[in-house]
Amino acid sequence: EIRDGAFSGCWSLTSITLPPSVTGIRNGAFSRCTSLAIVATPPTTSISYDAFKDCTLLQEAAEKNDSDIEALIKNRFGELPLHSKCYHADVTCQAIDGAIERTKESKLDRVDIMTTTALHILAANESITVDTAEKIRRYDCNAISSADDCGMLPLHYLSCNHQANVELLQAFIGWYPSALTLPNKSGNLPLSLAFERNRPDDVLDYLFACYPVEKRGTRGEEKLTAMAEKYTSTIENNPPIEKEKQHGWVKFISTKEVLDLCANTMETIIRTIKDSRIE
């Protein structure tokens, strides 16, 4: 059972995997989780009337479908075996293969009530691997570039996932590089979401190298400035080879707001450009 107010006010929570063993969700357990979009429970779970109070995204989805939040999350993946499998912690390639076969046989929809694809669900799952993601991408090749009702692409959810590493980010960005440049309905880019959720430095550095953002789009100006200066010193001796990182360098040197973050390292930037090490 999830106790009263357990996750209340966790504004950065976009997804939570509830195991089938959860029998009840108490008062205000997820109240004011304004970013929460992916959650599902078994039909038998007891849910207090205000367990999801002021969960903006879930409330909007429920109203859009003439429903309420309790009905929404209890029936979220009932007729979507692939979504359901991608939601749970025990997701594997073998399990995905079986769910895909069941989905093909019944010709079920590829999006749920919030127009979320199975790849969105998997991207938010802490058990995701490159192999499981590739399975889903091959089955639904449009999922990687599809936005759900929140304007979130799979890369947005992956950027919020505390278990997602650089290898996963490389895969998702390689499949759809434009995702780096597309904000969700709240105006947040993947890097902004990762930054606000205190993702590890290697994740932030990689996202920044692929698509630098300026301080108005991200909280924590001092940390972002430090990230930009670190990027400057790194790129002088290690020119980017990946196409996405090369594009990131072009954006970096052509965007005044980004360069303004690097007042202390401007000489290094100019020297790097003059050396013509990066095309």
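As numbered in my numbering, residues 98 to 376 make up the sequence shown, in order.
Every residue gets a Cβ at the ideal spot worked out from N, C-alpha and C, and that includes glycine.
Practice item. Return the CA-CA distance between Arg199 and Glu176, expressed in angstroms with no decimal places. Key: Indexing the sequence shown from 1 puts residue 199 at position 102. Indexing the sequence shown from 1 puts residue 176 at position 79. Spanning the two alpha carbons is a distance of roughly 10 Å.
Check your understanding: Hey, does Asn162 have any beta-carbon neighbour from chain C nearer than 9 Å?
Key -> Included in the structure is just one protein chain, with no chain C present.
Check your understanding: What residues are listed by DSSP as bridge partners for Val208?
Key -> Your numbering for residue 208 matches position 111 in the sequence shown. Partner(s): Thr214.
Exercise for review: Spell out a yes or no on whether the stretch 154-165 and the stretch 318-326 are touching, meaning 3 or more CB-CB pairs, one atom from each, closer than 8 Å.
Suggested key: no
Review point. Can Thr329 and Asn222 be called in contact, C-beta distance under 9 Å?
Key: Taking the sequence shown and counting its residues from 1, one reaches residue 329 at position 232. Taking the sequence shown and counting its residues from 1, one reaches residue 222 at position 125. No.
Practice item. Quick one: residues in its chain with C-beta nearer than 8 Å to the C-beta of Leu301, no 5 flanking neighbours on either side, listed in chain order? Key: Working through the sequence shown from its first residue, we reach residue 301 at position 204. Counting only residues of its own chain and dropping the five nearest sequence neighbours on each side, Leu301 has a CB closer than 8 Å to the CB of Leu288, Ala291, Phe292 and Met324.
Review point. Which of helix, strand or coil does DSSP assign to Ile166?
Key: Here the question's residue 166 lines up with position 69 in the sequence shown. Looking at Ile166 - three-state DSSP - the assignment turns out to be helix.
Practice item. Quick one: using the 10 Å Cβ neighbour count with 16 as the cut-off for buried, is Ser109 buried or exposed? Key: One-based indexing of the sequence shown puts residue 109 at position 12. Burial call: exposed.
Practice item. Within its chain, find whatever has a CB closer than 6 Å to the CB of Val136; leave out the 5 residues flanking it on each side and keep chain order. Key: If you number the sequence shown from 1, residue 136 lands on position 39. Once the five neighbours on either side are set aside, the close Cβ partners of Val136 are Ile113 and Ile170.
Point to revise | Nearest to Arg100 (by Cα), restricted to the options Pro139, Thr131, Glu354 and Asp147 | key: Within the sequence shown, numbered from 1, the residue matching residue 100 stands at position 3. Answer by Cα proximity: Asp147.
**Study point:** Cβ-based burial, Asn258 [other Cβ within 10 Å; buried from 16]
**Key:** For the purposes of this step, residue 258 is taken as residue 161 along the sequence shown, with counting starting at 1. Buried, because 16 or more other Cβ atoms sit within 10 Å of the Cβ of Asn258.
Check your understanding: Taking DSSP as the reference, what is the three-state secondary structure of Ile99?
Key -> The count along the sequence shown starts at 1 and reaches residue 99 at position 2. Strand.
**Study point:** Residues of its chain near Pro251, where Cβ-Cβ distance is below 7 Å and the 5 sequence neighbours each way are ignored
**Key:** The residue you call residue 251 lines up with position 154 of the sequence shown. Correct list, in chain order: Leu216, His217, Ala220, Ala240, Ile241 and Phe269.
Check your understanding: Taking all protein chains shown into account, do 16 or more other C-beta atoms lie within 10 angstroms of the C-beta of Asp245, making it buried, or fewer, making it exposed?
Key -> Within the sequence shown, numbered from 1, the residue matching residue 245 stands at position 148. Classification for Asp245: buried.
Exercise for review: Determine which residues share a DSSP beta bridge with Ile135 and list them.
Suggested key: Taking the first residue of the sequence shown as 1, we reach residue 135 at position 38. Ile135 is bridged to Ser112.
**Study point:** With 16 other Cβ atoms within 10 Å as the buried cut-off, status of Asp228
**Key:** Translated into positions along the sequence shown, residue 228 becomes position 131. Counting Cβ neighbours within 10 Å, Asp228 comes out exposed, since fewer than 16 surround it.
Review point. In chain order, which continuous runs of the alpha helix (DSSP H) of length 4 or greater are located wholly inside the stretch 257-331?
Key: 263-272, 287-293 and 298-307
Check your understanding: Does the separation of the CB atoms of His344 and Pro297 fall below 9 Å?
Key -> Position 247 of the sequence shown, counted from the start, is the residue given in the question as residue 344. Position 200 of the sequence shown, counted from the start, is the residue given in the question as residue 297. Cβ atoms of His344 and Pro297: not closer than 9 Å.
Review point. Around the Cβ of Asp357, are there at least 16 other Cβ atoms within 10 angstroms (buried) or fewer (exposed)?
Key: Sequence index remark: in the sequence shown, residue 357 carries index 260 (1-based). The Cβ neighbour count for Asp357, taken over all protein chains shown within 10 Å, is under 16; the residue is labelled exposed.
Point to revise | Bridge-paired residues (DSSP) for Ser143 | key: Taking the sequence shown and counting its residues from 1, one reaches residue 143 at position 46. Ser143 is bridged to Gly121.
Review point. Taking the C-alpha atoms as reference points, what is the distance between Pro280 and Leu265?
Key: As a working note, residue 280 is residue 183 in the sequence shown. As a working note, residue 265 is residue 168 in the sequence shown. Using only the alpha carbons, I get a separation of about 20 Å.
Review point. Under a three-way DSSP split, which group does Glu333 fall into?
Key: Counting from 1 along the sequence shown, the entry for residue 333 is found at position 236. Here Glu333 sits in helix by DSSP.
Check your understanding: Three-state secondary structure (DSSP) at Phe349?
Key -> Position 252 of the sequence shown, counted from the start, is the residue given in the question as residue 349. Reduced to three states, the DSSP call for Phe349 is helix.
Point to revise | Euclidean distance between Cα positions of Lys348 and Glu98 | key: As a first step, residue 348 must be located in the sequence shown, where it is residue number 251. As a first step, residue 98 must be located in the sequence shown, where it is residue number 1. When rounded, the distance between both Cα atoms is 48 Å.
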